[in-house]
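Here my numbering = 1-based position in the sequence shown + 1.
Worksheet: the structure to be examined is printed underneath.
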Amino acid sequence: MLFDIGATELLAIVIIAIVVIGPKELPMAMRTVGRWVSQARRLVGQFRTSLDSIAHEAEMEALEKKWAEQNAQIMKEHGGGPAMLPMDGTAAHAAPQNISDNEQITDGSDVDQSVSGDDKPASTNDKDAG
2 MLFDIGATEL LAIVIIAIVV IGPKELPMAM RTVGRWVSQA RRLVGQFRTS
52 LDSIAHEAEM EALEKKWAEQ NAQIMKEHGG GPAMLPMDGT AAHAAPQNIS
102 DNEQITDGSD VDQSVSGDDK PASTNDKDAG
């Protein structure tokens, strides 16, 4: 807390406020002070959040720089190795599929989708058969 106000200090402030402002205007003054305190707290919270965000970004940049240096050192020690992948996660992990327009991918099950002579699907619940 910013101010360390005890019970005696608070009582003195209330008595002075009653004498200076008056008992009729005191509730309106307290509401106004409450609004100011609320706005000040909100402003301090936003300021703290932005400072935390800036600190986090600076920390992440320092870590990425450190990791890049370590990666370069490891690559240098072990003879280069394969080409480096981008750090943004855009590397393709799946094998490319080379499928022409005429080919179809099937799941391995052979489903008979035969059509009868009158272009209707064959059904086992045909009422005409009998």
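We put the CB at the ideal spot given by N, CA and C, even for glycine.
Notebook entry, point to check: CB Ile-22 to CB Ala-30, shorter than 8 Å?
Noted result: yes
Have a look at Ala-95 and Asn-72 and give me their C-alpha separation to the nearest angstrom.
Its pLDDT being 49, under 50, Ala-95 is placed unreliably in this model, and the coordinates cannot settle the point.
task = Give a yes or no on whether 8 Å exceeds the smallest Cβ distance from Ala-56 to chain D.
result = Looking for chain D here will not work: only one protein chain is present.
May I ask you to report which of helix, strand or coil DSSP gives Arg-36? Three-state DSSP puts Arg-36 in a helix.
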